[in-house]
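Working notes, beginning with the structure itself.
Number of protein chains: 2
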Amino acid sequence: MVKSEPDYSTAAAQNAHLSRQRPYPLAGLLVIDLTHVLSGPTCTRMLADGGARVIHVERKGSGDDTRSMGPYLTDGSSEYFRIANAGKESIALDFKDAADFDLLKRMIARADIVVENFRPGVMKRLGLDPEELVKQNPRLIVASISGFGQYGPMSQQAAYDTIVQAISGIMDATGASDGPATRVGTSVSDIVAGMLGYAAITTALYAREKTGKGTTVDVAMLDATMSLMSQDLMTSLGLNQVPHRIGNRHPYMYPFDTFACQDQPLAICCGNDHLWSLLVNALNHPEWQDDVQMKTNDLRVANWQLVKAHLESVLQTKPAAVWEQLLTSAGVPNGVVMNIDDTRRLPQVVARGMVKTLPDGNKVMGNPLKYGTWNSYGLQTDAPKYNENENQIRTEFKE
Amino acid sequence: MVKSEPDYSTAAAQNAHLSRQRPYPLAGLLVIDLTHVLSGPTCTRMLADGGARVIHVERKGSGDDTRSMGPYLTDGSSEYFRIANAGKESIALDFKDAADFDLLKRMIARADIVVENFRPGVMKRLGLDPEELVKQNPRLIVASISGFGQYGPMSQQAAYDTIVQAISGIMDATGASDGPATRVGTSVSDIVAGMLGYAAITTALYAREKTGKGTTVDVAMLDATMSLMSQDLMTSLGLNQVPHRIGNRHPYMYPFDTFACQDQPLAICCGNDHLWSLLVNALNHPEWQDDVQMKTNDLRVANWQLVKAHLESVLQTKPAAVWEQLLTSAGVPNGVVMNIDDTRRLPQVVARGMVKTLPDGNKVMGNPLKYGTWNSYGLQTDAPKYNENENQIRTEFKE
Numbered sequence: 014m015v016k017s018e019p020d021y022s023t024a025a026a027q028n029a030h031l032s033r034q035r036p037y038p039l040a041g042l043l044v045i046d047l048t049h050v051l052s053g054p055t056c057t058r059m060l061a062d063g064g065a066r067v068i069h070v071e072r073k074g075s076g077d078d079t080r081s082m083g084p085y086l087t088d089g090s091s092e093y094f095r096i097a098n099a100g101k102e103s104i105a106l107d108f109k110d111a112a113d114f115d116l117l118k119r120m121i122a123r124a125d126i127v128v129e130n131f132r133p134g135v136m137k138r139l140g141l142d143p144e145e146l147v148k149q150n151p152r153l154i155v156a157s158i159s160g161f162g163q164y165g166p167m168s169q170q171a172a173y174d175t176i177v178q179a180i181s182g183i184m185d186a187t188g189a190s191d192g193p194a195t196r197v198g199t200s201v202s203d204i205v206a207g208m209l210g211y212a213a214i215t216t217a218l219y220a221r222e223k224t225g226k227g228t229t230v231d232v233a234m235l236d237a238t239m240s241l242m243s244q245d246l247m248t249s250l251g252l253n254q255v256p257h258r259i260g261n262r263h264p265y266m267y268p269f270d271t272f273a274c275q276d277q278p279l280a281i282c283c284g285n286d287h288l289w290s291l292l293v294n295a296l297n298h299p300e301w302q303d304d305v306q307m308k309t310n311d312l313r314v315a316n317w318q319l320v321k322a323h324l325e326s327v328l329q330t331k332p333a334a335v336w337e338q339l340l341t342s343a344g345v346p347n348g349v350v351m352n353i354d355d356t357r358r359l360p361q362v363v364a365r366g367m368v369k370t371l372p373d374g375n376k377v378m379g380n381p382l383k384y385g386t387w388n389s390y391g392l393q394t395d396a397p398k399y400n401e402n403e404n405q406i407r408t409e410f411k412e
Numbered sequence: 014m015v016k017s018e019p020d021y022s023t024a025a026a027q028n029a030h031l032s033r034q035r036p037y038p039l040a041g042l043l044v045i046d047l048t049h050v051l052s053g054p055t056c057t058r059m060l061a062d063g064g065a066r067v068i069h070v071e072r073k074g075s076g077d078d079t080r081s082m083g084p085y086l087t088d089g090s091s092e093y094f095r096i097a098n099a100g101k102e103s104i105a106l107d108f109k110d111a112a113d114f115d116l117l118k119r120m121i122a123r124a125d126i127v128v129e130n131f132r133p134g135v136m137k138r139l140g141l142d143p144e145e146l147v148k149q150n151p152r153l154i155v156a157s158i159s160g161f162g163q164y165g166p167m168s169q170q171a172a173y174d175t176i177v178q179a180i181s182g183i184m185d186a187t188g189a190s191d192g193p194a195t196r197v198g199t200s201v202s203d204i205v206a207g208m209l210g211y212a213a214i215t216t217a218l219y220a221r222e223k224t225g226k227g228t229t230v231d232v233a234m235l236d237a238t239m240s241l242m243s244q245d246l247m248t249s250l251g252l253n254q255v256p257h258r259i260g261n262r263h264p265y266m267y268p269f270d271t272f273a274c275q276d277q278p279l280a281i282c283c284g285n286d287h288l289w290s291l292l293v294n295a296l297n298h299p300e301w302q303d304d305v306q307m308k309t310n311d312l313r314v315a316n317w318q319l320v321k322a323h324l325e326s327v328l329q330t331k332p333a334a335v336w337e338q339l340l341t342s343a344g345v346p347n348g349v350v351m352n353i354d355d356t357r358r359l360p361q362v363v364a365r366g367m368v369k370t371l372p373d374g375n376k377v378m379g380n381p382l383k384y385g386t387w388n389s390y391g392l393q394t395d396a397p398k399y400n401e402n403e404n405q406i407r408t409e410f411k412e
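Sequence lines, in order, name chains B and C. Numbered according to this note's numbering, the first sequence spans residues 14 to 412. Numbered according to this note's numbering, the second sequence spans residues 14 to 412.
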C-alpha cells in the first residue's frame, strides 16, 4: 500500500497559528555555532527556530562530521547534516590559520551567543576559553554542551549517546522485567542535552536583559538524561530501594499497557474502575467487570498477566486501527503504537506544523515551541552547503 | 552489600560552581502554577530552580493528584509529589468559590507567568481563557502544556505518557529488532514536554524584556516527543523509508553496542579501526584485528553477531566494573549499564550537584542548567505541605 504524502505547506499556510510573517522571539540575535554532530546542532537549530541568526563555523576541509554520515539523499548530501542544520549559515575556517582565527574572534566580539560541544578543555587549547571570552565581552553567553560536564572526575571521558544512556540509568529502566536493559531507540541523551542547552541560553538571555551580564553555560548529557529519571529516583532516593524495569505497563494501574492486536500493538490506559467498565463493555465482555480476579484496580494490578490475556484474546481478532476508533468512541484512552513514518502523516502533526517543507523541497522537523504572539513556524531556510556563506561573512566581519 | 550513601551536602558546599549564595537568573519573577501530576510540575520546578517564586495552586480538598500517588515516605507523604514540587509554595483554592476565584485573579494580575496543564478548553470554562488573560495583562506569559496541543483534530483526546509514547514513534523505535515495541522506562513524553514548556517560557521572557509583550505558549507532549525522533525522521523524510528498531546497536558502526559481562552489561563504542585495535589488544586478542570477517568497520557491521559473540566470550569472564577500568585505561570508550540507584552515587553526579539534600533532610534531583554567573544549585526549599502557605498568600494578595 502506497501511503499518501501530506501537503505540509498548505496545511501550515492555512493555519493562523503558524503564520510565517509573525516576528520571531529571538530576532536580532547573532549566534556563533562551533558545534558538531548532534547535541550542539540541536541546540543551535532551536535558536534558529526562534529567529536568531546562526552562523555554523565548520572545520576547513571536511566540515561538520555529519556531512560524511548517512543517510544520504540522491544528490549525495547528508540527510543527517541537513535535518540538524536547516536554517543556519555556513563558513569553513581553519582555526590554526591566524587570519581565520582573527576573523572568528571578530565574529565572536559581535555575537550574543557562542555554542560549542568540544570535549572540555578544547576551547581553551584553541585560544577560546569560555570564561575568558565572557571577560572580554561581558554581555556574551558562551554555552558548552558536553558528555559529563566541564568539571568533575569523568569530565574528560569519551561520551557517545549510547555510553551516556548506559551510565544514566535510562537503559536499565527500559525493557521487559525478564529481558535485557534496552537502549532508547533514538539519541535521547544528545537531543535532551541540546534542548536543555537551549533552555539555559534563553534563561541567560533574560538575565542579561535584566542585569547586562553574560555568562558561561555548562550543560552535560549525563545531567540532562538523569533529569528524565525522576520516577526511578523516587524509588532510589525516597524509598532507598533499587527500581526494576517492568516493560510497557504501569506499576500501580491496570490495564495500563500495550496489547497485541491483529497487526500493530495498541496502548490502552484505564486508571480507574469507570474506565475499566467502559473498556469491557466496548469489547463486549461486560461479565469481566464483576470477575473476582479483575473487579478492582488492585486485583487487576496483581493479576495483570491474566487481564492482559483476556483483553488480547479479543483484541487480536481485529487490527489496531479498528479498535482505536471503537475505544475512542467509547471514551477509553488509547493510542496505536505507530512507526514515525505513520506519526509524521497524522493530521494532528500536519496541523501543528511539526513537519515542514523548505524552499529546496526537502522536509524537516517543525518547531515544538508555539506562541500566541511570536513566530511559531520556526526556521524557513535550507541547510547550508559547506562554506556556502563565506564571501558574505568575510565581508561583513572584515577588520 | 550495603551501598555507601554519598554526602551530597558537603560535596555541593565545597564546589564553587554550586555556591548557594549566587543570584538567581529568574529572581523576582512570580509564577502562578495551576499544574498537576508531572508535565506541568516539571516545568514549574525548573522555574523554581531558576529562582522564580512559584505558587502551586492546588484543588481544595484533595490537592494535586500526586499527593495521593505512591511511592510514599514513612510519614505517609507522597514522594512523587515531593520530587515534582520541591521549592514551591502551596495554596488550596476552590475555583467555584467566588472569593477564592477573585483571589486567584488578583494573584494572576500580579504574576509574570501562569502555567497550566489542563485538557485544552478547561481554562476557558474556568473563566481563565489564556488569550483573555494576556489581553487583560499584556506583559503576562500564559503557558499551556497538553498531550496533543491547544488545537487540531486530536486536541481533546486523553493523553497519558504511555499513549503519547505509542503515537509518537518512540516505542516502535525502542527494543530488539525481533522483539516487541518497548516503552521508554520513564515518562519521557511528560518530562520533555515540561522541559520544552520551560524553554518556551524563558524565550518568551526574553522577548518580553525586548518588546514589553507577553504571550500564550502552547507546548504538546506529542510535538515534544517527536522532537526526540530526528534520527528516524531522517529515514522517513529523507529516504522515504520506514525505519525499524535495531536494539542497542548502532546502524553504521560496530562494535557500538552493549555486551554481557559476568554481571551487568557494558556499553562499548568503537567507531573506527583505531579504537577497534585498542579494544582487541585490551582483551588480549590482537589476532582479531586482522580477522578477515572483522578487520574493517563495514565487515564488523555486516558480521555484528559474530563480533558480539567473540567479544562476549571474553567479557563474560569478569564483572563489568573490571572491564570498565581496563578499557578506560586503554582509551576505549565504554560505560557500565547502571541502575539509577548506582548512577546517583557516582562521584561525577555528586560533584555536579545532580542530587541535593533539602532542609527537611529529603533528597531531590539537582539542577541540570549550570551557569558561570548565576546560581546553578537551584531550588533550596522543601516541597510544601498541602495549603502550607495559605495565610501568607491570602494576606499578601488581599483586595
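By construction, the Cβ of each residue, glycine as well, lies at the ideal position given by its N, Cα and C atoms.
Beta-carbon gap between residue i and residue j smaller than 8 Å
i, j, result
"V128 (chain C)", "T48 (chain C)", "yes"
"F161 (chain C)", "A111 (chain C)", "no"
"F269 (chain C)", "R262 (chain C)", "yes"
"S91 (chain B)", "S81 (chain B)", "yes"
"V350 (chain C)", "A179 (chain B)", "yes"
"I176 (chain C)", "C282 (chain B)", "yes"
"K376 (chain C)", "V368 (chain C)", "yes"
"L51 (chain B)", "D203 (chain B)", "yes"
"I353 (chain C)", "P166 (chain B)", "no"
"R407 (chain C)", "K16 (chain C)", "no"
"P397 (chain C)", "S103 (chain C)", "yes"
"A295 (chain C)", "V345 (chain C)", "yes"
"A65 (chain B)", "L42 (chain B)", "yes"
Distance, residue j Cα to residue i Cα
i, j, result
"S168 (chain B)", "R196 (chain C)", "30 Å"
"T187 (chain C)", "V201 (chain B)", "11 Å"
"H298 (chain C)", "S159 (chain B)", "33 Å"
"V293 (chain B)", "E337 (chain B)", "14 Å"
"S22 (chain B)", "D231 (chain C)", "21 Å"
"Q275 (chain B)", "Q329 (chain B)", "4 Å"
"Y384 (chain B)", "I154 (chain C)", "10 Å"
"G63 (chain B)", "N380 (chain B)", "9 Å"
"D46 (chain C)", "A105 (chain C)", "12 Å"
"A315 (chain B)", "A343 (chain B)", "26 Å"
"E401 (chain C)", "G251 (chain B)", "21 Å"
Below-8 Å beta-carbon distance, residue i vs any chain B residue
i, result
"L372 (chain C)", "For the record, residue 372 (chain C) in the displayed sequence is Pro; it is not Leu. So, not an interface residue."
"N294 (chain C)", "no"
"R357 (chain C)", "yes"
"Y399 (chain C)", "no"
Within-8 Å CB hit, residue i to chain C
i, result
"H263 (chain B)", "yes"
"M6 (chain B)", "Any question about residue 6 (chain B) goes unanswered here, given that chain B covers just 14 to 412."
"P256 (chain B)", "yes"
"F269 (chain B)", "yes"
"T215 (chain B)", "yes"
"E222 (chain B)", "yes"
"A24 (chain B)", "no"
"W317 (chain B)", "no"
"F131 (chain B)", "no"
"T187 (chain B)", "yes"
Hey, is the segment 247–254 of chain B in contact with the segment 211–224 of chain B, meaning 3+ C-beta pairs nearer than 8 Å?
no
If we count Cβ pairs, one from each stretch, closer than 8 Å, do we get three or more for the segment 35–49 of chain C versus the segment 136–154 of chain B? no
>> For a minimum of 4 consecutive residues, which ranges assigned as the alpha helix (DSSP H) are wholly contained in the segment 317–369 of chain B?
In response: Counting only runs of 4+ residues, the alpha helix (DSSP H) found wholly inside the segment 317–369 of chain B occupies 317–328, 333–342, 353–356 and 360–364, in chain order.
**Request:** Kindly confirm or deny that the segment 211–220 of chain C and the segment 325–345 of chain B touch, where touching means at least three C-beta pairs closer than 8 Å.
**Result:** Contact annotation: the segment 211–220 of chain C does not touch the segment 325–345 of chain B, with fewer than three C-beta pairs closer than 8 Å.
_Any alpha helix (DSSP H) of 4 or more consecutive residues that is wholly inside the segment 127–161 of chain B_ = 135–138 and 143–149
Let me know the alpha helix (DSSP H) ranges lying completely inside the segment 186–224 of chain C, each 4 residues or longer, listed in chain order. Whole alpha helix (DSSP H) segments, 4+ residues: 201–224.
Q.
Which complete beta strand (DSSP E) runs does the segment 365–406 of chain B hold, if anything under 3 residues is left out?
A. 368–370 and 376–378
### Message
Report the start-end ranges of each alpha helix (DSSP H) in the segment 49–83 of chain C that is 4 residues or longer and not cut off at the edges.
### Response
52–62
Unbroken alpha helix (DSSP H) runs of length 4 or more, entirely within the segment 86–118 of chain C: which are they?
92–98
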